[in-house]
Amino acid sequence: MIKDAMATLALAFVPCPKLTLPLPAERIAHVWKVDLEEARDPILSPDEQTRAQTMRHSEKQRHFIRARSALRLILAKYTGLSPADIPLATATEGKPHLDLAHAPHFNLTHAHGKALVAVARVPVGIDLEFPRPVRQLDQLVADYFSSAEARDWASLDEEDRARAFLGAWTRKEAFLKATGEGIAGGLHRFDVSLLPDEEARLKAIDGDVQAAASWTLHAFTPFENAQAAICLAAPNMSLLGFTL
Ligand SMILES: CC(C)(COP(=O)(O)OP(=O)(O)OC[C@H]1O[C@@H](n2cnc3c(N)ncnc32)[C@H](O)[C@@H]1OP(=O)(O)O)[C@@H](O)C(=O)NCCC(=O)NCCS
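Mapping the sequence shown onto our numbering, position 222 (from 1) lands on 331, and the numbers just tick up by one.
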């Protein structure tokens with residue numbers, strides 16, 4: 110895997126026309142890129158249909174339906190089940206998982222009509238964000254970043270701050286999505302790298318550097334201007350990119 114000028118991963122995405130795929134190898138995670146503006150037949154469970162019906166915003170509803178349908182198509186390749194029969198269950202904190210023996214771990218993120226799905230043998234979290242005007246970055250950093258992250262952020266020039274903020278945010282969400290805790294898991298209690306020349310890395314969890322070393326964190330740019338991060342509960346994991 111090659112790093113680009115911003116120390117993020119230059120991840121290539123190749124089409125995957127195959128109907129079935131073996132589970133990713135032990136040290137590899139698959140990352141799927143999905144365009145939610147592309148029309149696709151909806152494949153939803155009754156629960157997902159009910160959830161879609163509660164969404165008032167038509168674009169949000171369309172993207173939810175297409176993201177879940179794409180997720181089912183992708184998981185069908187690994188399980189050999191038909192997309193409609195994929196047994197998706199949801200943990201208390203909201204993380205979807207497969208209710209199936211020997212199933213792969215996966216995670217989904219969507220933003221601005223694009224989605225990413227990560228599939229691996231270990232717990233995984235993935236996050237995708239596009240730049241948007243954010244006021245009072247200083248306050249958000251004070252509220253949500255750890256003290257080590259806040260120090261790094263304050264050391265940056267003004268013009269690097271918005272990008273570094275978004276990069277750190279995707280890394281932090283990816284970790285909390287990997288554990289399944291979501292934002293409620295506490296954004297303060299762990300440190301990620303955020304300086305422009307630093308590789309994406311989980312630096313410490315509750316101050317414990319050893320604990321952080323048993324995770325992999327990568328940052329990459331799957332769509333123009335986007336920032337994405339993936340976090341995996343194992344060290345030294347590589348990525349393989351596919352388009353649906
Ligand atoms: C989950 C969360 C991190 C999502 O972040 P986001 O940037 O808004 O959205 P993303 O597009 O990256 O991710 C959304 C997807 O993550 C998955 N997801 C939901 N909850 C998750 C969790 N706790 N852990 C991992 N993945 C989760 C879902 O697939 C969801 O998409 P879907 O609803 O269309 O299926 C964030 O919304 C959050 O933490 N929410 C609070 C959850 C919480 O604390 N609940 C407490 C119990 S009520």
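For every residue, glycine included, the Cβ atom is placed at its ideal position computed from N, Cα and C.
{"Item": "Cβ neighbours of P124 in the same chain (closer than 8 Å, five flanking residues each side left out)", "Value": "F351, T352"}
{"Item": "The alpha helix (DSSP H) enclosing S178, as first and last residue numbers", "Value": "167 to 188"}
{"Item": "DSSP state of M346 mapped onto helix, strand, coil", "Value": "coil"}
{"Item": "Assigned exposure category for A138 - 16 Cβ within 10 Å defines buried", "Value": "buried"}
{"Item": "Buried or exposed by the 16-neighbour rule on C-beta atoms within 10 Å, applied to N216", "Value": "buried"}
{"Item": "CB contact flag (A198, L207, <9 Å)", "Value": "yes"}
{"Item": "Closer than 8 Å: E168 CB and nearest ligand 1 heavy atom", "Value": "no"}
{"Item": "Sufficient close CB pairs (3 or more, under 8 Å) joining the region 272 to 282 to the region 304 to 314", "Value": "yes"}
{"Item": "Proximity winner among K223, F332, A321, Q170, relative to A342 (alpha-carbon distances)", "Value": "A321"}
{"Item": "Local conformation of D194 per DSSP, three classes", "Value": "helix"}
{"Item": "is_contact[P126, chain D] using C-beta, thresh 9 Å", "Value": "Going by chain labels, chain D is absent from the structure shown, which holds only one protein chain."}
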